[in-house]
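Novice: Residue numbers (the numbering used here), protein chains in the order written: chain P, 1 to 94; chain A, 95 to 1079.
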Amino acid sequence: MIRIKCPYCGERDHSEFTYGGDASVEYPALDASVSDWTKAIFFRENIRGNQKETWHHTNGCRLWLEVERSTITHEIKSVKACHPQIDKITKNNS
Amino acid sequence: MTSIRIKNYGKINKDKVIKFTWDNKEYSGYEGDSLASALLANDIRIVGRSFKYHRPRGVMSCGVEESGALVTVGSGSKRDPNVRATTQELYSGLNASGQNAFPSVNFDFGGINNYLGRFFAAGFYYKTFMGLPPFEWGKGTGIWMVFEKIIRKAAGMGKASREPDPDSYEHANDFCDVLVVGSGPAGVAAAQEAANQNLNVILIEQDSLLGGNNLAEKAFDSSLLQKQLESKGIRVMSRTTAFGVYDNTVVGALERVTDHLSNPNTFLPRQRFRTIRAKYIILASGALERHIAFNNNDIPGVMTANASRQYLNRYGVLTGKKIVITTNNDSVYQTAIELHEAGSKVTVLDSRKNIKIDLPKEIEIHLETLPFSINGSRKIESLDVCKTSDKTNKNTIICDQVLVSGGWSPIVNLVSHRGIKPVWNEENLCFVPGEIKENITVVGSAKGIWNNEDCIQSGIVGANEAMNSLGVSKKTISHLSVGGWSNPINALFEVKSNKFPSKSFIDFQHDVTAEDVRLAHREGFVSVEHLKRYTTLGMANDQGKMGNIIGLSLMAEQLDKTIPEVGTTVFRPPYTPVPIGALTGRNVDKHFRPLRVTPMHQWNIDHGAKMIDVGLYQRPWYYPKKNETLSDAYIREATIVRKTVGICDVTSLGKIAIQGPDATELVNRIYTNPFAKLPIGKARYGIMLRDDGIVMDDGTSWRLGENEYFMTTSTAAAAKVMSWLEELLQTRWTDLKVNVTSVSEQWAGAAIAGPKSRDVLNECVLDPNKITNEKLPFMGVLQTKLKDGTPCRVVRISFSGELAYEMYIESDYAHGMMDILWENAQKYEGCLYGLEALGALRVEKGHVTAAELDGRVTIDDAGLGKMASTKKSYIGSAMRKRGVMGADDRDMLVGFYPLNEKETFNAGTIVCEKNNIHGQGVGRITSVTHSPELGHWIGIGFVKGGLEKWKDVTLVGADPVRDKQMEIKVVSPHMVDPEGKRMYA
């Protein structure tokens, strides 16, 4: 079972979280072209190794987290809040 | 084999006699017995019949690896098949019986299969039903269906109960610093060492007694060990199997709570499924003794050598009088000495030469000697032996038991669960765990360390590794080397026989013989994974614990490769079977999923509602008057709503409070229609799209203040929309100053719908002057108070198409709101209406819900293209017209009428052209109802190209599930009051 160390709640089972998606995607502006949006929505690297992904602490503090996870071993290298200000606050408090 | 209970041996309580039943006859054993030891003590030899050939089988081991003594325990709904008699503790009243036999294991008609063996070789199913050469008769599925039933009956194991499981199960969660699996010498040493450093230690042991292989020692005292461990603060969990190791050093464990009790307390669960989250795992799971393949090596009386020692010293059962031990390693000699001391005549056959062993002279030893074939069918009469150099020249030894030791296999299963491939150790002829990069280590014989003292030392080293990696210590680690026998083992996996048919079994449970492996090779199944599946080697519920290595060695021999080159199959959890009930835990019946109720749930029931499950919610379905059916009731309710007024619980809609200076900006970006200029005190119906341009949900948002909105979502998408808003605000639009809060549980809501709804409202609120057509126009929002002073929110909004309102109140006041609404609605001959009438009203209006917005539908498909702003960008605006999503022949929302007004149809009906009724047709009907207004059945759904294309065409509604077809026509989805005059009234 993957265990994720939520910066607000502490280490919890993955069943408390919902997987989001690729955290490295930069979503284009709302008025960007279809091709930019197509790239952002549909094109994904199939990474063998460390991958940044978003997880939602759905049954917890409801923070969206950026999790760096090895797709080979499931080892989690780092976890931080996606929102830069929340990230700052949780880091100061820890 | 003649097995007897003997004096002065065993850790059983001879003062406590326990009566039990085997195949309908009563026997007795002692407290501390296993079912297997009690059967052996009663000299019951045949306890099972084999899978394919129905050969008699006896007890072959003393633990979880057992593949002969599989029995059925209990009866009726408590019947538990394929229980290993070796691990089932004896209790008073235990009722066990043999399986896969008729009429009994002692005399079984199925035994005829033993003589038809050549027809049941590997790949039997595949070959037989490819046709029977040379006639190619009976080819194909039809003939398979005929024979399948017969074969199913003939092959197999115990039968599961067909009744619901009457037992209860629990889930439990544990946390610790160090988890030690196994309480043998290595595990105990590791646990004690870690506990000495004040670490939080759990020690789990699958057996009822602690000690592991120490239980085979005559002088060993298990209860003393238990006390010692507990005094150090170690949490000891016996009767608990670590069946799987998962990511992040999490272990799945099964605790058998009452399986050993005659009359367990009813509040106790039968078993507990434990999830143990450890920081470090030390696996001291031990090793299993292997068999040797030779002819008739499955006759009752054949057993692993160490098992016999366990029966002697743990259970006080001497398993034979004239025993032949056949081996290729040193591990059997202590057993030989103890069996001799207990009174048996012991002969040892060792395949090696030049070995140094001190034995009492009464024990005969034959070096360079192999077992060749057992004589006897229901019991062992004698053993043919031969020299390693000359297999043609045989001697016969009269005996009643043959003990086998073909070497030891470390239990690498749990490490393999982590994807770590075992490594072949040629010197000790076994797989040992490969390199582990996680917080897991393996100690003792699970690592291939054979000596007791070395195992203890290895346990201490393992504990030091754990403490180093947890930062408690910084000790230098020096691993012990694998092995430890004074005379090296030699390779002995099979003694080949030229006898035909040879029955040298390697997987006893699935009746796989050495010949089957060669056959698979001849037929081209040369990879181990193919070999496994073709022969079913290692696929029974013991998962090849005893026979896998022999199979691999035989395949290696055929391929002229080494065992590591052939490789091994992957072990997956569970290590031993886990009942489905334990996985389910308490999540059964009403607890299968949580029940959500609205705050007026009881009020609805008190007022006669029949409820229906909608997702997790229970909502009022209809409110029948005397003798009314569902149809009677909802037609009456819908009719009254259109005529006077109806009240309906709509609390299950999702509700989100959106607050902050950028609230307007957020709302404007997520809805397709403009929200930037929505005035305070007004609401708007909105559609939101996904990034890819497909409709996500619809709902309303009310502007309560400059920086505050109250959003409602559909019941089905409430959670999804909430997560979506959070995602946008936390990951993409982190500059927006806005906060979203789910308030679905905080507000109760009711719809008041019908021409008299304004009159009813005015009776209910404090200041009736505020609710006029002018002061509260369509989509107007009002924050006001009920007559009793309770604050409430009212919006003029219509799902039914009538003049209608929704009223929201803080959840605790829901009953009061319903009381006052209902009291006044009755003055206007109103009614309470449920989900069925709600559905009828909205289908008449062509309003969509989750049944239509199913994740494939664009805003244009739903006929709501006008709500997509061209003046602003929003989520999905770029993508909603891309490629095929802008095509003309998309499935578009329409209404359906049956051509014959007396016909009915169902949701799910496939819409087809008249002369082309097949496949997915040209559309689908998603929601249907009887329309009280129109007097016949109507539906909404989708059809390719929409209304324009099919306006005057008769189509066919095909309902293959109900074997029904009807002629239908396509109409506008707005079937009642298309201009919408009523809701603006």
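A virtual CB, placed ideally from N, CA and C, is assigned to each residue, including glycine. Fair warning: this is a prediction, and the values are worked out from it, not measured in the lab.
(1) Can you pull the DSSP bridge partners for Pro363 (chain A)?
(2) Roughly how many angstroms lie between the CA atoms of Pro1054 (chain A) and Met986 (chain A), to the nearest whole one?
(3) Residues of chain A with CB under 7 Å from Val79 (chain P), in chain order?
(4) 8 Å is my cut-off, CB to CB: does Glu16 (chain P) come that close to chain A?
(5) With a floor of 4 residues, list each alpha helix (DSSP H) that falls wholly inside the stretch 287–329 of chain A, ordered by position along the chain.
(6) Is the shortest distance between the beta-carbon of Thr54 (chain P) and the beta-carbons of chain A less than 8 Å?
(7) Could you compute how far the alpha carbon of His434 (chain A) sits from the alpha carbon of Ile457 (chain A)?
(8) Does any residue of chain A have a CB that is nearer than 8 Å to the CB of Ser33 (chain P)?
(9) Compute the Euclidean distance between the alpha carbons of Val426 (chain A) and Asn400 (chain A), then round it to the nearest angstrom.
(10) Under 8 Å between beta-carbons, which chain P residues line up against Tyr340 (chain A)? List them in chain order, please.
(11) Run through the DSSP bridge pairs and tell me what Pro197 (chain A) is partnered with.
(12) Using a Cβ-Cβ distance under 8 Å, would Thr58 (chain P) count as near chain A?
(13) Could you give the distance in angstroms between the alpha-carbon of Val199 (chain A) and the alpha-carbon of Asp548 (chain A)?
(14) Can you pull the chain A neighbours of Arg62 (chain P), defined as C-beta to C-beta under 7 Å?
(15) At a Cβ cut of 9 Å, what residues of the stretch 335–365 of chain A count as close to chain P, listed as they run along the chain?
(16) So what does Glu1061 (chain A) bridge to, in DSSP terms?
(17) State yes or no: is the beta carbon of Gly10 (chain P) nearer than 8 Å to at least one beta carbon in chain A?
(18) Quick one: give me the first and last residue of the alpha helix (DSSP H) that His434 (chain A) is part of.
(19) Going by other Cβ atoms of all chains shown within 10 Å of its Cβ, with 16 needed for buried, is Pro227 (chain A) buried or exposed?
(20) For Pro227 (chain A), name the three-state secondary structure that DSSP assigns.
(21) In chain order, what residues of the same chain have a beta carbon less than 6 Å from the beta carbon of Ala557 (chain A), not counting five sequence neighbours either side?
(22) In whole angstroms, what separates the C-alpha of Ile76 (chain P) from that of Arg3 (chain P)?
(23) Using the Cα positions of Arg44 (chain P) and Ser70 (chain P), report the straight-line distance between them to the nearest angstrom.
(24) Here's the rule I'm using: 16 or more other beta-carbon atoms within 10 Å means buried, otherwise exposed. How should Arg256 (chain A) be labelled?
(25) Could you tell me the distance, in whole angstroms, from the CA atom of Thr180 (chain A) to the CA atom of Val79 (chain P)?
(26) Along the chain, where does the beta strand (DSSP E) containing Glu349 (chain A) start, and where does it finish?
(27) On the three-state DSSP scale, how would you describe Lys91 (chain P)?
(28) Using only alpha-carbon positions, find the residue among A:Asn469, A:Ala770, A:Ser379 and A:Phe872 that is nearest to Ser967 (chain A).
(29) Can you list the beta strand (DSSP E) stretches of 3 or more residues lying completely in the stretch 484–563 of chain A, in chain order?
(30) Is there contact here, the stretch 293–301 of chain A with the stretch 318–334 of chain A, by at least three beta-carbon pairs under 8 Å?
(31) Measuring only between beta-carbons, confirm whether Tyr27 (chain P) sits less than 8 Å from chain A.
(32) Anything in the stretch 929–959 of chain A with a Cβ closer than 7 Å to a Cβ of chain P? List those residues in chain order, please.
(33) Suppose you measure from the CA of Tyr121 (chain A) to the CA of Val165 (chain A); what does that come to, to the nearest Å?
(34) Per DSSP, what kind of secondary structure is Ala962 (chain A) in: helix, strand or coil?
(35) I'd like to confirm the pairing. Which residues does DSSP put opposite Cys886 (chain A) in its beta bridges?
(36) Between A:Ala956, A:Gly702 and A:Leu348, which lies nearest to Gly1039 (chain A) when the distance is taken from Cα to Cα?
Specialist: From the atom records:
(1) Pro363 (chain A) pairs with nothing; no bridge assigned.
(2) Rounded to whole angstroms, the gap between the alpha carbons of Pro1054 (chain A) and Met986 (chain A) is 23 Å.
(3) Per Cβ cutoff of 7 Å: no residues; Val79 (chain P) is ~13 Å from chain A at best.
(4) Not flagged as an interface residue toward chain A: Glu16 (chain P), since no C-beta distance is shorter than 8 Å.
(5) 316–325, all fully within the stretch 287–329 of chain A.
(6) Chain A contact via Cβ: present.
(7) One C-alpha to the other measures close to 7 Å.
(8) Proximity of Ser33 (chain P) to chain A, defined by a Cβ-Cβ separation below 8 Å, is satisfied.
(9) Each residue's alpha carbon lies about 7 Å from the other.
(10) By Cβ distance, chain P contributes Met1.
(11) The secondary-structure analysis by DSSP pairs Pro197 (chain A) across a beta bridge with A:Asp202.
(12) Judged by the 8 Å Cβ criterion, Thr58 (chain P) is in contact with chain A.
(13) Between the alpha carbons of Val199 (chain A) and Asp548 (chain A) lies a gap of roughly 44 Å.
(14) Result: Glu820.
(15) If the cut-off is 9 Å between Cβ atoms, the stretch 335–365 of chain A has Tyr340, Asp341, Asn342, Thr343, Val344 and Gly346 near chain P.
(16) Per DSSP, A:Val1050.
(17) Not flagged as an interface residue toward chain A: Gly10 (chain P), since no C-beta distance is shorter than 8 Å.
(18) Note, His434 (chain A): alpha helix (DSSP H), Tyr427 to Ala436.
(19) Here Pro227 (chain A) scores only 49 on pLDDT, less than 50, and its place in the model is too uncertain to base an answer on.
(20) Below a pLDDT of 50, predicted positions are generally treated as unreliable, and Pro227 (chain A), at 49, falls in that range; the measurement from the model is reported next regardless. It is coil, neither helix nor strand.
(21) Closer than 6 Å at Cβ, skipping near neighbours: Ala284, Glu287 and Ala288.
(22) For the pair Ile76 (chain P) and Arg3 (chain P), the Cα-to-Cα distance works out to about 8 Å.
(23) The alpha-carbon of Arg44 (chain P) is positioned some 16 Å away from that of Ser70 (chain P).
(24) Arg256 (chain A) is exposed by the Cβ-count criterion.
(25) Distance between the alpha carbons of Thr180 (chain A) and Val79 (chain P): 47 Å.
(26) Note, Glu349 (chain A): beta strand (DSSP E), Val344 to Arg350.
(27) Note: Lys91 (chain P) maps to helix in three-state DSSP.
(28) It is A:Ala770 whose Cα lies nearest to the Cα of Ser967 (chain A).
(29) Counting only runs of at least 3 residues, the stretch 484–563 of chain A fully encloses the following beta strand (DSSP E) elements, listed from N- to C-terminal order: 488–492, 495–499, 502–504, 517–519, 524–526 and 534–536.
(30) Yes, the stretch 293–301 of chain A touches the stretch 318–334 of chain A.
(31) The beta carbon of Tyr27 (chain P) sits closer than 8 Å to some beta carbon of chain A.
(32) Of all residues in the stretch 929–959 of chain A, none has a C-beta nearer than 7 Å to a C-beta of chain P.
(33) Tyr121 (chain A) and Val165 (chain A): Cα-Cα distance of roughly 16 Å.
(34) When DSSP states are grouped into helix, strand and coil, Ala962 (chain A) belongs to the coil group.
(35) Residue pairing by DSSP places Cys886 (chain A) opposite A:Thr878 and A:Ile903 in a beta bridge.
(36) Relative to Gly1039 (chain A), the option among A:Ala956, A:Gly702 and A:Leu348 whose CA is nearest is A:Ala956.
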